[in-house]
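Since the structure comes first, as structure tokens, the remarks are kept for the end.
Numbering (our numbering), first residue to last: 98 to 443.
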């Protein structure tokens, strides 16, 4: 009896070891794909900004040059142009759209990443977005207050905490329209496709919590500054859980667009002298509604069924966060934080 039991145990252990090796390999491949795609998206962003500079130079001078020095020298001699909202927002818009298109083409055609099901809209996605928007806005408001307190605390000690400034520098229609398209429409769609669509598609089969946490962390660090990162991380946890719940990023795209629309109001107020009481009234209503949603429906976001796995959670996190591509991408993001702090306090 012991002889047969030992044989069965040996067979089981061998099968378990084989299954672990296969899952480790599969997770390693997906983590490598993910890290590589995030690096490509990041580097394309920088490259496309420079391509945009060449396009502006060619448009303004009716001639083309391959000399980067010539292009930069020309732009530096046009302070009114490069400081205008239209120039800055067009640069962001061109960079994001081109980077997104190329990255998704590489993901789909070369790496065979499929997440089409996550971008097919259904009626329940719109209802879900409407229900959870107040909760996301309430979380964002709380984290923004915490970030403001932290910024003020550091400021009193002589340390400037850098923040992103998307305030309109001129009231022209073109600048306003371009900022709306970038900040409120294209930006949120691009970020959801990359930081929810790609990440969840590649990591969710190995653990929904792993995918949600990694997505939230990358989304937060991507913002490049502490105030936005704090709010982004907490909000992204909810975004990720919603994407898992609905198996779709349509609700998170809608919430992200609405969030950016409301958050941008103070920027437009400064230029167009719009009444702030509207913004405060909306935020108060959304905050109370959000607290109610959190208190009464938060259990709906609980991850109840994880994918079957022979790896422990610790093993899966270790495989992902020790992946050379993921490490390289993290170093790129952390470097952005450090550079921002350095230039803000030099």
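For every residue, glycine included, the Cβ atom is placed at its ideal position computed from N, Cα and C.
Within 8 Å, strictly: CB atoms of residue i and residue j
i	j	result
residue 307	residue 300	yes
residue 134	residue 226	no
residue 188	residue 149	yes
residue 287	residue 313	no
residue 244	residue 113	no
residue 427	residue 235	no
residue 120	residue 309	no
residue 512	residue 162	The requested residue 512 is not part of the displayed model; the chain covers only 98 to 443.
residue 229	residue 352	yes
residue 425	residue 136	yes
Residue nearest to residue i in terms of C-alpha spacing, selected from the options
i	options	result
residue 232	177, 122, 142 and 390	390
residue 211	256, 296 and 113	296
residue 399	174, 289, 305 and 230	305
residue 124	426, 409, 339 and 442	409
residue 321	140, 432 and 145	432
residue 168	180, 343, 185 and 147	147
residue 182	293, 274 and 395	274
residue 198	145, 316 and 430	145
residue 324	206, 242 and 254	242
residue 293	111, 271, 255 and 335	335
residue 356	396, 270, 403 and 237	237
residue 341	377, 131 and 303	303
residue 365	219, 272 and 118	272
residue 311	415, 177 and 249	415
residue 190	276, 393, 392 and 437	276
residue 397	165, 111, 372 and 339	339
Same chain, Cβ closer than 6 Å to residue i, neighbours up to 5 away in sequence not counted
i	result
residue 345	215 and 222
residue 142	192 and 196
residue 251	258
residue 316	292, 329 and 333
residue 208	130
residue 58	No answer is possible for residue 58: it lies beyond the span of the chain, which begins at 98 and ends at 443.
residue 331	236 and 240
Alpha-carbon to alpha-carbon, residue j and residue i
i	j	result
residue 337	residue 349	8 Å
residue 239	residue 440	28 Å
residue 374	residue 386	18 Å
residue 261	residue 140	20 Å
residue 180	residue 279	17 Å
residue 159	residue 175	16 Å
residue 257	residue 370	28 Å
residue 78	residue 126	Since the first residue shown for the chain is 98 and the last is 443, residue 78 is missing from the structure and cannot be characterised.
residue 442	residue 246	18 Å
residue 291	residue 298	10 Å
residue 51	residue 379	Given that the chain is displayed from residue 98 to residue 443, the structure contains no residue 51 and the question cannot be resolved.
residue 116	residue 405	11 Å
residue 395	residue 219	22 Å
residue 434	residue 194	24 Å
residue 430	residue 437	11 Å
residue 402	residue 217	23 Å
residue 132	residue 118	21 Å
residue 172	residue 200	28 Å
residue 170	residue 270	28 Å
residue 343	residue 213	14 Å
residue 248	residue 122	43 Å
residue 164	residue 392	59 Å
residue 111	residue 411	22 Å
residue 166	residue 202	31 Å
residue 206	residue 381	46 Å
Nonlocal neighbours in the same chain, by C-beta distance under 7 Å from residue i, ignoring five residues either side
i	result
residue 129	420 and 422
residue 354	281, 282 and 285
residue 388	235
residue 289	346, 349, 350 and 353
residue 254	none
Cutoff 8 Å; reference residue i; Cβ partners in own chain excluding five residues on either side
i	result
residue 376	359, 362, 363 and 366
residue 413	124, 303, 304, 307 and 406
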